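Read the sequence shown against full-length UniProt numbering and you will find it ends at 75, with the numbers running on by one and no gaps. Taking it in order: structure first as structure tokens, then the write-up.
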Amino acid sequence: MANIPEELLEKAISDEHINCIDYNKFTDPIVIGIGGFGKVLKYEWRDSGLTVALKYLKVDTSIDESIIKDFINEV
Numbered sequence: 001m002a003n004i005p006e007e008l009l010e011k012a013i014s015d016e017h018i019n020c021i022d023y024n025k026f027t028d029p030i031v032i033g034i035g036g037f038g039k040v041l042k043y044e045w046r047d048s049g050l051t052v053a054l055k056y057l058k059v060d061t062s063i064d065e066s067i068i069k070d071f072i073n074e075v
């Protein structure tokens with residue numbers, strides 16, 4: 001059985017709608033918000049020195065497909 005939420009996210013990453021960057025590229029996070037999809041965290045990007053906000057979504061098979069689509073559209 002296909003894991004639709006995971007497939008949707010992988011497609012968004014491969015189509016370059018979402019960037020996938022290793023966590024070791026960032027400093028320790030500071031939580032700046034909690035929303036409907038998960039958490040928003042503040043980091044320093046080690047390679048560039050930029051302060052960035054990253055949206056975190058914990059994906060599991062019980063997440064509805066429409067939530068994943070909304071998340072992709074939001075970011």
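We put the CB at the ideal spot given by N, CA and C, even for glycine. It should be emphasised that the depicted structure is a prediction, and the values quoted were computed from it without experimental measurement.
Beta-carbon separation of residue i and residue j under 9 angstroms?
{"i": "Phe26", "j": "Lys55", "result": "no"}
{"i": "Ala53", "j": "Ile68", "result": "no"}
{"i": "Ile63", "j": "His17", "result": "no"}
{"i": "Glu65", "j": "Ile4", "result": "yes"}
For residue i, count neighbouring C-beta atoms within 10 Å of its own C-beta (all shown protein chains included) and say buried if the count is 16 or more, exposed if not.
{"i": "residue 80", "result": "Because the chain spans 1 through 75 in this model, residue 80 falls outside it and cannot be assessed."}
{"i": "Leu50", "result": "exposed"}
{"i": "Met1", "result": "With a pLDDT of only 45 at Met1, under 50, the local geometry of the prediction cannot be trusted, and the value read off the model is given with reservation. Exposed, since its Cβ has fewer than 16 Cβ neighbours within 10 Å."}
With distances taken Cα to Cα, identify the nearest neighbour of residue i among the options.
{"i": "Glu44", "options": "Ile34, Ile30, Asn73 and Leu57", "result": "Ile30"}
Identify the continuous alpha helix (DSSP H) that holds residue i and give its terminal residues.
{"i": "Glu65", "result": "Glu65 to Glu74"}
For the beta strand (DSSP E) containing residue i, name the first residue and the last one.
{"i": "Glu44", "result": "Lys39 to Glu44"}
{"i": "Leu54", "result": "Thr51 to Tyr56"}
{"i": "Ile30", "result": "Ile30 to Ile34"}
Excluding the 5 residues preceding and the 5 following residue i in the sequence, name in chain order all residues of the same chain whose CB lies nearer than 8 angstroms to its CB.
{"i": "Val40", "result": "Val31, Ile32, Gly33, Ile34, Ala53, Leu54, Lys55 and Tyr56"}
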